[in-house]
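Student: Can you read through this structure? Questions will come right after.
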Amino acid sequence: GALVYQYPRRTICKSGTSMRMECQAVGFQATSVAWYRQSPQKTFELIALSTVNSAIKYEQNFTQEKFPISHPNLSFSSMTVLNAYLEDRGLYLCGAIRDTSNTEVFFGKGTRLTVV
Amino acid sequence: AQKVTQTQTSISVMEKTTVTMDCVYETQDSSYFLFWYKQTASGEIVFLIRQDSYKKENATVGHYSLNFQKPKSSIGLIITATQIEDSAVYFCAMREGRYNQGKLIFGQGTKLSIKP
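In order, the protein sequences belong to chains E and V.
First residue of the first sequence: 35, per the numbering used here; consecutive thereafter.
First residue of the second sequence: 38, per the numbering used here; consecutive thereafter.
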């Protein structure tokens with residue numbers, strides 16, 4: 035089955051500092067990885083969509099300068115939250131897409147970010 | 038404009054009964070894909086079932102089935118023989134087009150509580 039691991043599961047960082055989170059696809063090749071954020075009491079917002087060998091596409095309100103993403107191969111992606119502040123807290127989810135068309139997104143268990 | 042709306046904030050039913058959760062969507066695309074996910078208490082997002090817009094028959098997976106009413110832009114999730122472990126927050130999501138893999142638009146979620 036398709037498994038997506040995210041690390042760390044939880045993290046606390048001081049306001050103004052940065053933290054990096056990782057996403058690993060196991061059992062399948064993830065040609066695309068989507069990073070989402072679920073803020074408290076809200077639904078999921080797409081941050082960016084990363085496809086291997088293509089430019090990373092950021093959604094409105096999210097920038098590479100704030101959320102740089104690395105997607106070096108078909109099984110791994112990482113995202114950093116730079117200069118984290120209170121509004122950045124939430125559950126960050128990595129969704130991996132298989133190398134076939136029209137398939138569902140498989141999510142990891144998320145990285146919960148708390149900013150103090 | 039793309040939008041997914043779940044109007045039911047929370048639902049509570051007795052164990053072993055059938056429950057239906059509503060979802061309506063807005064899209065300009067003639068081709069789109071609809072998904073239901075559930076989020077467990079730990080935050081994990083689990084894929085449940087999917088409906089492709091060009092398919093007339095309702096999708097069914099285990100005790101999950103869909104009520105796809107395309108003219109009404111509606112995709113209801115039906116859970117039969119509910120179990121305590123079905124208690125979770127259920128999200129409806131839509132992906133437009135053939136090539137927008139990973140870009141999901143989520144509804145606000147419906148919290149389902151199963152009572153013994």
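Each residue gets a CB set at the ideal place from its N, CA and C atoms; glycine is no exception.
These numbers were taken from a predicted model, which means no experiment stands behind them.
1. Between which two residues does the beta strand (DSSP E) harbouring LEU120(E) extend?
2. Rounded to whole angstroms, what's the CA-CA distance from ASN136(E) to PHE70(V)? Just pull it up for me.
3. Helix, strand or coil: how does DSSP classify LYS107(V) here?
4. DSSP three-state call for GLU133(V): helix, strand or coil?
5. Cβ closer than 8 Å: which chain E residues qualify as neighbours of SER79(V)?
6. Is it right to say LYS143(E) is buried, meaning 16 or more other beta carbons lie within 10 angstroms of its own, or is it exposed?
7. Taking only beta carbons into account, state which residues of the segment 90-110 of chain V come closer than 8 Å to chain E, listed in chain order.
8. In whole angstroms, give me the CA-to-CA distance for LYS53(V) and SER104(E).
9. Give me the chain E residues within the contact set of LYS140(V), using Cβ-Cβ distance strictly less than 7 Å, ordered along the chain.
10. Can you tell which of GLU56(E), SER49(E), PHE141(E), THR77(E) has its C-alpha closest to the C-alpha of ASN107(E)?
11. Does ILE131(E) come out as helix, strand or coil in the three-state DSSP assignment?
12. Using the C-alpha atoms, what's the distance from LYS76(E) back to LEU125(E)?
13. Please state if the CB of ILE112(V) and the CB of THR57(V) are separated by a distance shorter than 8 Å.
14. On the three-state DSSP scale, how would you describe ILE90(E)?
15. Start and end of the beta strand (DSSP E) containing ASN107(E)?
16. I'd like to know whether the C-beta of VAL86(E) is nearer than 8 Å to at least one C-beta of chain V.
17. Classify GLU194(V) as helix, strand or coil using the three-state DSSP reduction.
Tutor: In terms of the structure at hand:
1. The residue given as residue 120(E) occupies position 86 in the first sequence. Element bounds for LEU120(E): n/a, residue is neither H nor E.
2. Taking the first residue of the first sequence as 1, we reach residue 136(E) at position 102. Taking the first residue of the second sequence as 1, we reach residue 70(V) at position 33. Unreliable positioning characterises ASN136(E) in this predicted model, as indicated by a pLDDT of 49, which lies under 50. A coordinate reading is not provided.
3. Along the second sequence, read from residue 1 onward, the residue named residue 107(V) stands at position 70. In this structure, LYS107(V) counts as helix in the three-state DSSP scheme.
4. Here residue 133(V) refers to the residue found at position 96 of the second sequence. Strand.
5. Your numbering for residue 79(V) matches position 42 in the second sequence. Correct list: LYS143.
6. Looking up residue 143(E) in the first sequence gives position 109. Classification of LYS143(E): buried, given that the 10 Å Cβ count is 16 or more.
7. none
8. For the purposes of this step, residue 53(V) is identified with residue 16 of the second sequence, where counting begins at 1. For the purposes of this step, residue 104(E) is identified with residue 70 of the first sequence, where counting begins at 1. Each residue's Cα considered, the two are about 46 Å apart.
9. Within the second sequence, the letter at position 103 stands for residue 140(V). Simply ALA68, LEU80, LEU83.
10. The sequence position of residue 107(E) within the first sequence is 73, counting from 1. Among GLU56(E), SER49(E), PHE141(E), THR77(E), the Cα nearest to that of ASN107(E) is on GLU56(E).
11. Counting from 1 along the first sequence, the entry for residue 131(E) is found at position 97. If DSSP states are grouped into helix, strand and coil, ILE131(E) belongs with the strands.
12. Here residue 125(E) corresponds to residue number 91 of the first sequence, with the count starting at 1. Here residue 76(E) corresponds to residue number 42 of the first sequence, with the count starting at 1. Looking at the two C-alpha atoms, the distance is approximately 10 Å.
13. On the second sequence, residue 57(V) is found 20 positions in, with the first residue counted as 1. On the second sequence, residue 112(V) is found 75 positions in, with the first residue counted as 1. It is not a contact, given that the beta carbons lie outside the stated cut-off.
14. In the first sequence, the residue the question calls residue 90(E) occupies position 56. In the structure shown, ILE90(E) sits in coil (DSSP, three-state: anything other than H, G, I, E or B).
15. Along the first sequence, one-based indexing puts residue 107(E) at 73. Looking at the DSSP string, the run of the beta strand (DSSP E) that includes ASN107(E) is 103-107.
16. Translated into positions along the first sequence, residue 86(E) becomes position 52. Chain V contact via Cβ: absent.
17. In the structure as shown, chain V starts at 38 and stops at 153, and residue 194(V) therefore has no counterpart that could be examined.
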